[in-house]
Structures are given as C-alpha cells and as structure tokens.
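Undergrad: First to last, the sequence lines map onto chains R and G.
Using the numbering used here, the first residue of the first sequence is number 1, and each one after it goes up by one.
Using the numbering used here, the first residue of the second sequence is number 1001, and each one after it goes up by one.
Virtual Cβ for every residue (Gly too), placed ideally from N, Cα, C.
This structure is a prediction, so every number in the text was calculated from the model and none was measured.
2 protein chains.
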Amino acid sequence: MSNNNEIPGFVVWMTGLSGAGKTTIALILEEKLRERGLKVERLDGDVVRESLTRDLGFSAEDRAKNIERVTFVAKLLSRNGVGCLCAFISPYQHVRDHVRANTTNFLEVFIDAPLEVVIERDVKGMYKKAIAGDIPNFTGISDPFEAPENPDIHVRTDQQSPEESAQVILDKLASLGYV
Amino acid sequence: MSNNNEIPGFVVWMTGLSGAGKTTIALILEEKLRERGLKVERLDGDVVRESLTRDLGFSAEDRAKNIERVTFVAKLLSRNGVGCLCAFISPYQHVRDHVRANTTNFLEVFIDAPLEVVIERDVKGMYKKAIAGDIPNFTGISDPFEAPENPDIHVRTDQQSPEESAQVILDKLASLGYV
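1. Sort Val1095/G, Gly1083/G, Glu1068/G and Ile1119/G by Cα distance to Ala1174/G and report the nearest one.
2. Suppose contacts are defined by Cβ-Cβ distances below 8 Å. Is Ile1028/G in contact with Ala1166/G by that definition?
3. What I want to know is whether the C-beta of Ile7/R ends up closer than 7 Å to one or more non-hydrogen atoms of the ligand FMN.
4. Strictly under 8 Å for the Cβ-Cβ distance: is Asp1055/G near chain R by that measure?
5. If you draw a straight line from the alpha carbon of Asp134/R to that of Lys124/R, how long is it in whole angstroms?
6. For the stretch 35-42 of chain R and the stretch 1018-1026 of chain G, state whether three or more C-beta atom pairs, one from each stretch, are separated by less than 8 Å.
7. Under 8 Å between the Cβ atoms of Ala1132/G and Ser1142/G?
8. Assuming contact is defined by CB atoms lying nearer than 8 Å, are Arg1121/G and Gly1057/G in contact in what I supplied?
9. Since Asp1158/G is in the beta strand (DSSP E), which residue starts that stretch and which ends it?
10. Based on Cα-Cα distance, which residue from Ile1067/G, Pro1136/G, Val1048/G and Thr1053/G lies nearest to Val1095/G?
11. Just to check my reading of the structure: Asp1044/G and Phe1010/G have Cβ atoms closer than 8 Å, yes? What is that Cβ distance to the nearest angstrom?
12. Along chain G, which residues have their Cβ under 7 Å away from the Cβ of Leu52/R?
13. What is the DSSP secondary structure of Leu1107/G, counted as helix, strand or coil?
14. With a cut-off of 8 Å on the beta carbons, I'd call Thr71/R and Val117/R a contact; round off their distance for me.
15. Could you spell out the range, first to last residue, of the alpha helix (DSSP H) harbouring Thr53/R?
16. Given a limit of 8 Å on CB to CB distance, which residues of the stretch 1098-1119 of chain G reach chain R?
17. Quick one: does Asp1076/G have its CB under 8 Å from some CB of chain R?
18. Assign Gly1177/G to one of two classes, buried (16 or more other C-beta atoms within 10 Å of its C-beta) or exposed (fewer than that).
19. Does the Cβ of Ser1161/G have 16 or more other Cβ atoms within 10 Å, making it buried, or fewer, making it exposed?
20. In the DSSP assignment, the beta strand (DSSP E) including Ala87/R goes from what residue to what residue?
21. For Asn1004/G, count neighbouring C-beta atoms within 10 Å of its own C-beta (all shown protein chains included) and say buried if the count is 16 or more, exposed if not.
22. With a 10 Å radius around its C-beta and 16 neighbouring C-beta atoms as the bar for buried, classify Ala1101/G as buried or exposed.
23. When DSSP builds the beta bridges, which residues end up paired with Phe1138/G?
24. Using 8 Å as the limit for Cβ to Cβ distance, is Phe82/R near chain G?
25. Who are the Cβ neighbours of Asp152/R in its own chain at under 6 Å, not counting the five residues just before and after it?
26. What's the call for Asp97/R, buried or exposed, on a 16-neighbour Cβ count within 10 Å?
27. So, is Ser1078/G buried or exposed, given that buried needs 16 or more other C-beta atoms within 10 angstroms?
28. Determine which residues share a DSSP beta bridge with Thr1015/G and list them.
29. Taking CB distances under 8 Å as the criterion, tell me whether Lys39/R reaches chain G.
30. With which residues is Glu1068/G paired in a DSSP beta bridge?
31. For Glu1041/G, write down the residues that DSSP places opposite it in a beta bridge.
32. Measure from the alpha carbon of Pro1114/G to the alpha carbon of each residue in Cys1086/G, His1154/G and Asn1137/G, then state which is nearest.
33. Could you run through the stretch 1017-1044 of chain G and flag, in chain order, every residue whose CB is less than 8 Å away from some CB of chain R?
34. Using 10 angstroms around the beta-carbon of Leu1150/G, count the other beta-carbons present and answer buried if the total reaches 16, otherwise exposed.
35. Based on Cα-Cα distance, which residue from Ala1060/G, Arg1069/G and Val1179/G lies nearest to Thr1053/G?
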C-alpha cells in the first residue's frame, strides 16, 4: 500500500484428496517464490498444527475450525502483501467460497488425482486404514470430497510431475501480476 | 525483504490490567500508523474472538491458548513487514517472554494504571462482579498480574491521556526506525 514496488498479497488455496500432492507442490512453490525474494508463507497442516490448531482433531467440526483459523491468518497476510500457499483437503465448496470471500486475490487450485491413484500411492498408509474402517470420516472414503466446480487453476498430478504442476501455478500468478 | 523502502515488521505488545487503556491506545496507534500509510494490524480480544479464538473462555488454559494463537499470527505478520498492535492482559511474564522469542522486533509495553484506578473506572462493570465473586479467575482480583520487570515502554495511564501514551509509543517506534 505504502510502497510502489510491492506485489499484492494473494492466496493460493490448494484443495484435493489426501495424497494428491498439495504439500509437495506447496513446498516447490515456496522455494521458487522465496528465490525471487517475494514474501510468502506456507500454511498447511504441518505448519499450523504446532500452535494454531494444536487442539483440533479430524471431526467435521474440528476441520471447520481449522479452516476458520487459517482463513483469519490468510486474510491478514494477503491484505498486507504476503503470498499465502495454503494446502488443505478442504473438501467443501462452501468452505472454500468462504475463504475466497474473506481474503485478497484468492485462487482456488484443484490439486487433482483420481481416488484410485491416491489409494495406490497411499503415502502415509491412511487409505488402507480408512478402507478397513480404522479411520472414520476420511475424505474420499467415508466422507465426501466436493471437487471444485470452477477452479481458478486445475492441475492433474496423475498426469504431470509436481514441478510441472507448480509451474502451471507460477505461470498463472505471473499472468495475474501477483509475482 | 525484497524491497528497499519497507519498514521492518514489529510487535507492540500491550500488557496491563483490564481497564488500563490497552485497546484505547491500540486504536489511536492504529489510526496514526495507517495515516502514515504503514502496514499495521490490530490484534485484541474484539478482533480475534470473532474467529481465531471463538471457542475460548477465560480459564487459565484458554488464556494460554489464546495467546499461543495470537503469537502465531504476530510471528507471521511481523516477519513480513507488518506492524502488530496487540492488546491483551497477558498477565504472565513467561508468556510474554515466549511471544518475544517467537516474533520480530517485539516491544513489551506496560499499560500501567494502579488497581484502585481501574476498579474505580470499571468501564465494563467487570471488577464489581469479580470482587463480588461472580467472575472467577479475574486478573488483579482473584488471579495474579505479573507486572513487567523491565518493559521496553512503560506508560502510566492514570497520569497521562491515551493520546499522550500513544505518542510515547510512537516516539519509541520512530527512534528504533520501525516507523
């Protein structure tokens, strides 16, 4: 606001199934944007669970609280010229729409891999447990995932590498003048 | 970081009894800093209770969580060049020291008015209730307030106006090159 050569803040909101590649792509983006000297913060489960959402589990109510708190942080950062890289399953469209309504330069990014692909990957062994019924309310198995109807960016991580997906997002940010 | 004419971020952490004038001074500071075109966010109970700490009450545990979440937000804002004006009773020195350790350019500001003065003011009628025993764990009455031993700034709101107190803080920020 006060300076001429600042970028505007923005929110790259990565939504998708567990194992789709959200955090992997967020980490690549974070590195590339930092290399350019841009102000950027990555917000994902690993980052916020240490303090901001330490008390929360995975119930529907706790997931909603999780996103509510992250939204508050992303609102304050994005309106002050910081780029936020947010990686959360965030399965509900109305919740993502709420984040959009409350933040600056919000981009809904669908990190898309078919369910059978993420079950096959099963990086953390979570799908196996969810299918066996050992984890309740697991998105894609026992809880719905509402795929974005009209995402600002749509990347298919079963068809391209994380680096390629990150580049698609970077190109979009550049075309919008955000980076 | 990327630009030359940016101010560094900072945290003006206002601690003091309920009714000492923390929020009043924060509002004056916010207005004066915004007038200068500086990036600033005010964090106080009224702001964070809408979303970030909506689930929290006033137990010792909930107060600790409250400050923990605010610290996370102030950390991210201050390290990205945003000035944070934080107004919380925050009665414990070790908690304030924790905020200092986790944020950029932290200033502990003691908003000081003697207990008898804030009881006399009793803007929200809280002291009357606390003294009657209707509010448990009330700082200054039934819970301790650890006055800062060595605050960066000490203002006496029983001896000067809120505008004068705000000016003392502004002068300190200017002398440090933060504004």
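TA: With the given structure in hand:
1. With distances taken between Cα atoms, Ala1174/G lies closest to Gly1083/G.
2. Between Ile1028/G and Ala1166/G, the C-beta spacing is below 8 Å.
3. Looking at this structure, you won't find the ligand FMN or any other ligand, since it has none at all.
4. The C-beta of Asp1055/G comes closer than 8 Å to at least one C-beta of chain R.
5. Rounded to the nearest whole angstrom, the C-alpha separation of Asp134/R and Lys124/R is 14 Å.
6. Counting C-beta pairs with one atom in each stretch, the stretch 35-42 of chain R and the stretch 1018-1026 of chain G have fewer than three that are closer than 8 Å, which means they do not touch.
7. Cβ atoms of Ala1132/G and Ser1142/G: not closer than 8 Å.
8. No, these two residues do not count as a Cβ contact at 8 Å.
9. Note, Asp1158/G: premise wrong, no beta strand (DSSP E); not H, not E.
10. Here the closest residue by C-alpha is Ile1067/G.
11. Actually they do not touch by this definition, with Cβ atoms about 16 Å apart.
12. Within chain G, the residues near Leu52/R are Arg1069 and Phe1072.
13. In the structure shown, Leu1107/G adopts extended strand secondary structure according to DSSP, grouped into three states.
14. Actually they are not in contact, since the Cβ atoms of Thr71/R and Val117/R sit about 29 Å apart, beyond 8 Å.
15. For Thr53/R, there is no enclosing alpha helix (DSSP H), as DSSP marks it with neither H nor E.
16. Those would be none; no residue qualifies.
17. The amino acid at residue 1076/G is misidentified as Asp; the sequence shows Leu. Yes, Leu1076/G lies at the interface with chain R (some Cβ there is under 8 Å from its Cβ).
18. By the neighbour-count criterion, in which a residue is buried when 16 or more other Cβ atoms sit within 10 angstroms of its Cβ, Gly1177/G is exposed.
19. Under this definition Ser1161/G is an exposed residue.
20. Looking at the DSSP string, the run of the beta strand (DSSP E) that includes Ala87/R is Gly83 to Ala87.
21. In this prediction, Asn1004/G has a pLDDT of 40, which is less than 50 and means its spatial position is unreliable; what the coordinates show is noted afterwards. Taking a 10 Å sphere around the C-beta of Asn1004/G, we find fewer than 16 other C-beta atoms and assign the residue as exposed.
22. Around the C-beta of Ala1101/G, fewer than 16 other C-beta atoms lie within 10 Å, and the residue is accordingly described as exposed.
23. Answer is none; Phe1138/G lacks a bridge partner.
24. Going by the sequence as given, residue 82/R is Val instead of Phe. It does; some Cβ of chain G falls within 8 Å.
25. Only Leu107 and Glu108 meet the Cβ criterion.
26. Exposed, because fewer than 16 other Cβ atoms sit within 10 Å of the Cβ of Asp97/R.
27. Label assigned to Ser1078/G: buried.
28. Residue pairing from DSSP places Thr1015/G in a beta bridge opposite Phe1110/G.
29. Closer than 8 Å to some Cβ of chain G, the Cβ of Lys39/R qualifies, so yes.
30. In the DSSP assignment, no residue is bridged to Glu1068/G.
31. As a beta-bridge residue in DSSP terms, Glu1041/G pairs with Cys1084/G.
32. Of Cys1086/G, His1154/G and Asn1137/G, the residue nearest in Cα terms is His1154/G.
33. Correct list: Arg1036, Gly1037, Leu1038, Lys1039 and Glu1041.
34. It should be pointed out that residue 1150/G corresponds to Asn in this sequence rather than to Leu. Note on Asn1150/G: under 16 other CB atoms within 10 angstroms of its CB, so exposed under the neighbour-count rule.
35. The option with the nearest alpha carbon to Thr1053/G is Arg1069/G.
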